[in-house]
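Numbering (mature numbering (1 follows the signal peptide of the UniProt record, and there is no 0)), first residue to last: -24 to -1, 1 to 551.
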């Protein structure tokens, strides 16, 4: 439901205001989270958690400057929160959604209304559950168009737009998988299939006709594909047979046009790409295949391909679609080429990369081991606390509080027993981060904590994110809530300031909310802490987030009420 607003004003002034705000609106939805019976991969129907009986969930469409209101009604048997991935939440930190960071979960039978503005953002974002592994089926697109509509795009207006949601599917209850992973200390098993718009496609030994999503196109028309990687743990190579793309946006930030025949997209990221339907009339597969960046070896993954069909108007509709060639699963060269070649489209009045820096941080991101905790009953059967899989940033393995959300503790100035303000700016030990010889029990060991880094309002922060060889080198998609950041450089090996600084792009670096740190490498990001609140930074592999690969920035209030955390809404869920 969309409600336009206007004021009782003289017609001329009213027309001027409406032209200025582009008829800003309140975009209102009700999300009923509940059980959905669904059959995939020719399996017996199973019950999943879904929004409004849909997989994926509903798409939210708004224009820049609109206010979005989503009434969450939790009819599922599980605690629930929704995160509006990439939305800044300026002035509305209580609506960000990560469980126990900005709110307590909505209990079964409960409800909560998320209210936020989409000012100063245009492009493709998305929403998803931010608790347990429930975002495997609780997710959807969030599209923000310019106030002036498609005519205001900084590229040629497409004939049509299509949303392409990449996901993962398990023939299992993901809540059960998550619970077992905690009890045993082992990550959950890999997905059974990859999906495009909720359907796995034609390559999973299942002939049911409803297993494949179909896009119908008109020859020579231009389509804007809004591509979202909603998978829990898998970066994807995305291709369409006999077609190429022009990337024009990423993470709801415009890019200079980039020509490519493959899109590489990590969990949490979005890419806007123009595709001209210029092939011969026929059928063509759209393919999503996994990128496995782990060296020397990561956890098992499904070596399969999720597909959809691009069907030209006028085709017989019965011929076998053409399948694109796919990169090798471990094709890091292709992944890095894509990730490192994107640059920002610098537009008048839009933010640019800060040239001065107040705080510099060097943060290791990777895997490790920690002690089995008493509540992890299935890894503690011997009576001794054995080392189990863990992950950390600067050797601090993050755990969520369990009694009150971190934002509530911050607002009440009652952090004691909830979190500590001692997240380090440097790792506690300097070592050869990417060398095989560093993979020792001593360096892998980490302890659990809930540490934050406190920032002054408007402070400019530069972070070097350094991947480590501990257990395995891997490309971690690091997501920052509440902000976009500029990716000013990235590379392989150990970060070296002397050689990296000349590579810094301080003219048009890509703007992101999620960066895929190169495997066994580093990325340098900058952002301005102009948004007071508690903002989660974490790996967007859910398996790694559960193991502790996260931390929180506590941004202090600014000098005015508008630059301070407001009081919590009256319907904020309580723990």
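Glycine included, each C-beta is placed from N, C-alpha and C at the ideal position.
None of these values were measured; they are calculated from a predicted model.
Buried or exposed (CB count within 10 angstroms, at least 16 for buried), residue 254: Counting from 1 along the chain shown, the entry for residue 254 is found at position 278. Residue 254 is exposed by the Cβ-count criterion.
6 Å Cβ shell around residue 137 - same chain, five flanking residues per side excluded: On the chain shown, residue 137 is found 161 positions in, with the first residue counted as 1. Once the five neighbours on either side are set aside, the close Cβ partners of residue 137 are 200.
Exposure of residue 30, with buried meaning 16 or more beta-carbon neighbours within 10 Å: Working through the chain shown from its first residue, we reach residue 30 at position 54. Here residue 30 is exposed, its C-beta having fewer than 16 other C-beta atoms within 10 Å.
C-alpha gap between residue 93 and residue 19, whole angstroms: As a working note, residue 93 is residue 117 in the chain shown. As a working note, residue 19 is residue 43 in the chain shown. Approximately 42 Å, taken between the alpha carbons.
Enclosing alpha helix (DSSP H) for residue 316 [first to last residue]: The residue given as residue 316 occupies position 340 in the chain shown. Note, residue 316: alpha helix (DSSP H), 308 to 317.
Residue environment, residue 72, which counts as buried when at least 16 other CB atoms sit within 10 Å: If you number the chain shown from 1, residue 72 lands on position 96. With 16 or more other Cβ atoms within 10 Å, it is buried.
Check whether residue 314 and residue 428 have beta carbons under 9 Å apart: As a working mapping, residue 314 is identified with position 338 in the chain shown. As a working mapping, residue 428 is identified with position 452 in the chain shown. Their beta carbons are not under 9 Å apart, which means residue 314 does not touch residue 428 by this criterion.
Given 8 Å, three or more beta-carbon pairs between the region 542 to 549 and the region 102 to 111: Judged by Cβ distances under 8 Å, the region 542 to 549 makes no contact with the region 102 to 111, as fewer than three pairs qualify.
Backbone CA spacing between residue 10 and residue 22 [nearest angstrom]: On the chain shown, residue 10 is found 34 positions in, with the first residue counted as 1. On the chain shown, residue 22 is found 46 positions in, with the first residue counted as 1. Spanning the alpha carbons of residue 10 and residue 22 requires a straight line of approximately 13 Å.
Own chain partners of residue 34 with C-beta closer than 7 Å, once the 5 adjacent residues on each side are dropped: For the purposes of this step, residue 34 is taken as residue 58 along the chain shown, with counting starting at 1. These residues qualify, in order along the chain: 5, 27, 28 and 116.
Inter-residue spacing [alpha-carbon to alpha-carbon] between residue 477 and residue 343: Stepping through the chain shown from its first residue, residue 477 is reached at position 501. Stepping through the chain shown from its first residue, residue 343 is reached at position 367. One C-alpha to the other measures close to 27 Å.
Beta-bridge partners of residue 449, as assigned by DSSP: Here residue 449 refers to the residue found at position 473 when the chain shown is read from its first residue. Answer by DSSP bridge pairing, in chain order: 271.
Inter-residue Cα distance where the pair is residue 221 and residue 515: Here residue 221 is taken as the residue at index 245 of the chain shown, counted from 1. Here residue 515 is taken as the residue at index 539 of the chain shown, counted from 1. Spanning the two alpha carbons is a distance of roughly 28 Å.
Continuous alpha helix (DSSP H) stretch holding residue 510: start and end: As a first step, residue 510 must be located in the chain shown, where it is residue number 534. Element bounds for residue 510: not the alpha helix (DSSP H) but the beta strand (DSSP E), 509 to 515.
For residue 420, the three-state DSSP class (helix, strand or coil): By 1-based counting over the chain shown, the position of residue 420 is 444. The answer is helix: DSSP assigns residue 420 an H, G or I state.
Inter-residue CB distance, residue 233 and residue 247 (contact presumed, cutoff 8 Å): The residue labelled residue 233 in the question sits at position 257 within the chain shown. The residue labelled residue 247 in the question sits at position 271 within the chain shown. Contact between residue 233 and residue 247 is absent: CB atoms are separated by about 13 Å, not below the 8 Å threshold.
Euclidean distance between Cα positions of residue 532 and residue 285: Numbered from its first residue, the chain shown carries residue 532 at position 556. Numbered from its first residue, the chain shown carries residue 285 at position 309. Using only the alpha carbons, I get a separation of about 49 Å.
Residues of its chain near residue 90, where Cβ-Cβ distance is below 6 Å and the 5 sequence neighbours each way are ignored: To locate residue 90, count along the chain shown from 1; it is residue 114. Short of 6 Å from the beta carbon of residue 90, and not among the five residues preceding or following it, lie these beta carbons of its own chain, in chain order: 46 and 71.
Beta-carbon spacing of residue 449, residue 270 below 9 Å: Here residue 449 corresponds to residue number 473 of the chain shown, with the count starting at 1. Here residue 270 corresponds to residue number 294 of the chain shown, with the count starting at 1. A Cβ-Cβ contact shorter than 9 Å links residue 449 with residue 270.
Residue 406 burial status per 10 Å Cβ neighbour count (16 or more: buried): By 1-based counting over the chain shown, the position of residue 406 is 430. Classification of residue 406: exposed, given that the 10 Å Cβ count is below 16.
Separation of residue 303 from residue 144, as counted between CA atoms: Residue numbering aside, residue 144 sits at position 168 when the chain shown is read from its first letter. Residue numbering aside, residue 303 sits at position 327 when the chain shown is read from its first letter. For residue 144 and residue 303, the distance between alpha carbons rounds to 19 Å.
Delimiting residues of the beta strand (DSSP E) encompassing residue 248: What you label residue 248 is simply residue 272 of the chain shown in a count that begins at 1. Unbroken beta strand (DSSP E) run through residue 248: 246 to 252.
Residue 175 classed as buried or exposed, judged by whether at least 16 other C-beta atoms fall within 10 angstroms: In the chain shown, the residue the question calls residue 175 occupies position 199. Here residue 175 is buried: its Cβ has 16 or more other Cβ atoms, across all protein chains shown, within 10 Å.
Distance between residue 345 and residue 161 (C-alpha atoms, nearest Å): By 1-based counting over the chain shown, the position of residue 161 is 185. By 1-based counting over the chain shown, the position of residue 345 is 369. It is roughly 10 Å from the alpha-carbon of residue 161 to the alpha-carbon of residue 345.
Same chain, Cβ closer than 6 Å to residue 297, neighbours up to 5 away in sequence not counted: To locate residue 297, count along the chain shown from 1; it is residue 321. Correct list, in chain order: 259, 260, 261 and 285.
The region 455 to 470 touching the region 483 to 491, judged by at least three CB pairs closer than 8 Å: Using a C-beta cut-off of 8 Å, the region 455 to 470 makes contact with the region 483 to 491, since at least three inter-stretch Cβ pairs fall below that distance.
3 or more residues per run - each beta strand (DSSP E) lying fully within the region 26 to 108: Fully enclosed beta strand (DSSP E) runs of 3 or longer: 36 to 39, 43 to 50, 58 to 61, 87 to 93 and 99 to 105.
Those runs of the beta strand (DSSP E) which lie wholly inside the region 116 to 177 and span at least 3 residues: List check, beta strand (DSSP E) in window: 136 to 145 and 169 to 172.
Range of the contiguous beta strand (DSSP E) that encloses residue 466: As a position in the chain shown, residue 466 is number 490, starting the count at 1. Counting along the chain, the unbroken beta strand (DSSP E) around residue 466 starts and ends at 461 to 468.
Short Cβ contact (9 Å threshold) for residue 485 with residue 339: Residue 485 sits at position 509 when you count from the first residue of the chain shown. Residue 339 sits at position 363 when you count from the first residue of the chain shown. It is not a contact, given that the beta carbons lie outside the stated cut-off.
CB contact check: residue 460 to chain D, cutoff 9 Å: Structure shown: chain D not included; a single protein chain is present.
C-alpha gap between residue 534 and residue 518, whole angstroms: As a working note, residue 534 is residue 558 in the chain shown. As a working note, residue 518 is residue 542 in the chain shown. So the two alpha carbons sit approximately 33 Å from each other.
Own chain residues within Cβ distance below 8 Å of residue -4, not counting five before or after: Here residue -4 is taken as the residue at index 21 of the chain shown, counted from 1. Confidence at residue -4 is low in this model, with a pLDDT of 46, below 50, so the placement of that residue should be treated as unreliable; the coordinate-derived value is given next. In the same chain as residue -4, and ignoring 5 residues on each side of it, the C-beta atoms closer than 8 Å to its own belong to 41 and 123, in chain order.
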